[in-house]
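Numbering (my numbering), first residue to last: 74 to 220.
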(Lines of atoms letter the chains of each structure in order from A and count residues from 1; the text may use other names and numbers.)
(Lines give C-alpha, C1' and ligand atoms only; values in the text may rest on other atoms or scores of the structure.)
Protein backbone atom coordinates (compact mmCIF):
# COMPACT_ATOMS: atom_id res chain seq x y z
CA UNK A 1 0.00 0.00 0.00
CA UNK A 2 2.82 2.27 0.67
CA UNK A 3 4.23 1.73 -2.75
CA UNK A 4 0.95 2.61 -4.40
CA UNK A 5 0.65 5.83 -2.37
CA UNK A 6 4.10 6.91 -3.41
CA UNK A 7 3.39 6.40 -7.09
CA UNK A 8 0.13 8.32 -6.85
CA UNK A 9 1.81 11.32 -5.27
CA UNK A 10 4.16 12.02 -8.20
CA UNK A 11 1.26 11.58 -10.65
CA UNK A 12 -0.77 14.12 -8.69
CA UNK A 13 2.15 16.56 -8.64
CA UNK A 14 2.78 15.94 -12.33
CA UNK A 15 -0.92 16.60 -13.08
CA UNK A 16 -0.87 19.86 -11.07
CA UNK A 17 2.32 21.02 -12.78
CA UNK A 18 1.01 20.13 -16.26
CA UNK A 19 -2.33 21.76 -15.58
CA UNK A 20 -0.51 24.86 -14.41
CA UNK A 21 1.67 24.95 -17.52
CA UNK A 22 -1.14 24.42 -20.00
CA UNK A 23 -3.54 26.69 -18.19
CA UNK A 24 -1.11 29.60 -18.47
CA UNK A 25 0.61 30.95 -21.56
CA UNK A 26 3.94 29.39 -22.26
CA UNK A 27 6.95 31.25 -20.99
CA UNK A 28 8.19 31.97 -24.50
CA UNK A 29 4.85 33.50 -25.45
CA UNK A 30 3.91 36.93 -24.33
CA UNK A 31 0.44 38.22 -23.87
CA UNK A 32 -0.48 40.42 -26.79
CA UNK A 33 -0.09 44.03 -25.83
CA UNK A 34 -2.91 46.25 -26.89
CA UNK A 35 -1.94 48.50 -29.78
CA UNK A 36 -2.23 52.20 -29.02
CA UNK A 37 -5.09 53.75 -30.90
CA UNK A 38 -4.30 56.69 -33.07
CA UNK A 39 -6.54 59.57 -32.19
CA UNK A 40 -6.97 62.43 -34.56
CA UNK A 41 -8.02 65.81 -33.29
CA UNK A 42 -11.70 66.37 -33.72
CA UNK A 43 -12.41 68.31 -36.86
CA UNK A 44 -15.21 70.74 -36.94
CA UNK A 45 -17.62 70.21 -39.76
CA UNK A 46 -17.22 73.01 -42.24
CA UNK A 47 -20.51 74.75 -42.69
CA UNK A 48 -20.83 77.73 -44.97
CA UNK A 49 -21.86 80.90 -43.25
CA UNK A 50 -24.51 83.19 -44.71
CA UNK A 51 -21.85 85.87 -45.18
CA UNK A 52 -19.20 83.74 -46.94
CA UNK A 53 -19.75 85.58 -50.22
CA UNK A 54 -19.24 88.97 -48.59
CA UNK A 55 -16.25 87.62 -46.68
CA UNK A 56 -14.65 86.35 -49.89
CA UNK A 57 -15.19 89.73 -51.50
CA UNK A 58 -13.66 91.44 -48.48
CA UNK A 59 -10.62 89.16 -48.75
CA UNK A 60 -10.29 90.05 -52.43
CA UNK A 61 -10.54 93.75 -51.62
CA UNK A 62 -7.84 93.37 -48.95
CA UNK A 63 -5.56 91.71 -51.50
CA UNK A 64 -6.14 94.52 -53.97
CA UNK A 65 -5.47 97.22 -51.40
CA UNK A 66 -2.35 95.39 -50.22
CA UNK A 67 -0.93 95.46 -53.74
CA UNK A 68 -1.96 99.03 -54.54
CA UNK A 69 -0.66 100.46 -51.26
CA UNK A 70 2.72 98.81 -51.69
CA UNK A 71 2.83 99.92 -55.34
CA UNK A 72 2.35 103.54 -54.33
CA UNK A 73 4.97 103.37 -51.58
CA UNK A 74 2.69 103.26 -48.53
CA UNK A 75 3.24 100.86 -45.69
CA UNK A 76 1.13 97.88 -46.71
CA UNK A 77 1.70 95.48 -43.83
CA UNK A 78 -1.53 96.52 -42.13
CA UNK A 79 -3.68 95.05 -44.91
CA UNK A 80 -1.89 91.75 -44.92
CA UNK A 81 -2.08 91.51 -41.13
CA UNK A 82 -5.79 92.39 -41.34
CA UNK A 83 -6.22 89.43 -43.70
CA UNK A 84 -4.28 87.17 -41.34
CA UNK A 85 -6.51 88.22 -38.46
CA UNK A 86 -9.57 87.55 -40.60
CA UNK A 87 -8.27 84.06 -41.42
CA UNK A 88 -7.41 83.31 -37.80
CA UNK A 89 -10.82 84.31 -36.48
CA UNK A 90 -13.07 83.04 -39.25
CA UNK A 91 -11.46 79.77 -40.31
CA UNK A 92 -10.45 77.97 -37.11
CA UNK A 93 -10.30 74.23 -37.95
CA UNK A 94 -11.81 74.89 -41.38
CA UNK A 95 -9.03 74.45 -43.93
CA UNK A 96 -11.32 74.63 -46.98
CA UNK A 97 -12.78 77.99 -45.97
CA UNK A 98 -9.26 79.19 -45.22
CA UNK A 99 -8.12 78.15 -48.70
CA UNK A 100 -11.06 79.94 -50.33
CA UNK A 101 -10.39 83.19 -48.48
CA UNK A 102 -6.66 82.99 -49.17
CA UNK A 103 -7.39 82.39 -52.86
CA UNK A 104 -9.69 85.44 -52.89
CA UNK A 105 -6.96 87.60 -51.32
CA UNK A 106 -4.41 86.39 -53.87
CA UNK A 107 -6.88 86.90 -56.73
CA UNK A 108 -7.37 90.54 -55.71
CA UNK A 109 -3.62 91.03 -55.43
CA UNK A 110 -2.87 89.47 -58.83
CA UNK A 111 -5.70 91.27 -60.61
CA UNK A 112 -4.10 94.63 -59.95
CA UNK A 113 -0.56 93.36 -60.37
CA UNK A 114 -1.47 92.37 -63.93
CA UNK A 115 -2.82 95.85 -64.75
CA UNK A 116 -0.82 98.35 -62.69
CA UNK A 117 2.96 98.27 -62.77
CA UNK A 118 3.52 101.77 -61.44
CA UNK A 119 1.70 104.14 -59.16
CA UNK A 120 -0.60 106.17 -61.35
CA UNK A 121 -3.59 108.39 -60.55
CA UNK A 122 -5.82 105.48 -61.66
CA UNK A 123 -4.09 103.17 -59.15
CA UNK A 124 -4.58 105.73 -56.37
CA UNK A 125 -8.26 106.11 -57.29
CA UNK A 126 -8.74 102.33 -57.36
CA UNK A 127 -7.07 102.03 -53.95
CA UNK A 128 -9.37 104.67 -52.48
CA UNK A 129 -12.48 103.03 -53.94
CA UNK A 130 -11.43 99.63 -52.65
CA UNK A 131 -10.80 101.03 -49.18
CA UNK A 132 -14.33 102.45 -49.21
CA UNK A 133 -15.78 99.14 -50.43
CA UNK A 134 -13.84 97.24 -47.76
CA UNK A 135 -15.14 99.58 -45.06
CA UNK A 136 -18.69 99.13 -46.33
CA UNK A 137 -18.38 95.33 -46.49
CA UNK A 138 -16.88 94.99 -43.02
CA UNK A 139 -19.53 97.33 -41.61
CA UNK A 140 -22.35 95.34 -43.22
CA UNK A 141 -20.98 92.01 -42.03
CA UNK A 142 -20.50 93.28 -38.49
CA UNK A 143 -23.90 94.97 -38.33
CA UNK A 144 -25.88 92.11 -39.81
CA UNK A 145 -24.04 89.06 -38.46
CA UNK A 146 -21.94 90.35 -35.56
CA UNK A 147 -22.72 89.82 -31.91
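The C-beta atom is built at its ideal place from N, Cα and C for all residues, glycine as well.
(message) Would residue 129 and residue 174 qualify as a contact pair, given that the criterion is a beta-carbon distance under 8 Å?
(response) yes
(message) Which of the three DSSP states is assigned to residue 214 in this structure?
(response) helix
(request) Mind the definition here: the region 161-172 touches the region 186-205 only if three or more C-beta pairs lie below 8 Å; say whether that holds. (result) no
(request) Please specify which runs of the alpha helix (DSSP H), each continuous and at least 4 residues long, are wholly inside the region 112-200, giving them in chain order. (result) 125-144, 150-163, 168-188
(message) Quick check on the burial criterion: 16 or more other C-beta atoms within 10 angstroms. Buried or exposed for residue 170?
(response) buried
(request) Closer than 6 Å by C-beta to residue 176: which residues in its own chain qualify, once you throw out the five before and the five after it? Chain order, please. (result) none
(message) Output needed for residue 196: all residues of its chain with C-beta closer than 8 Å, excluding positions within five of it in sequence on either side, in chain order.
(response) 141, 144, 145, 185, 189
(message) Between residue 127 and residue 214, how many whole angstroms is the CB-CB distance? I'm expecting something under 8 Å.
(response) 5 Å
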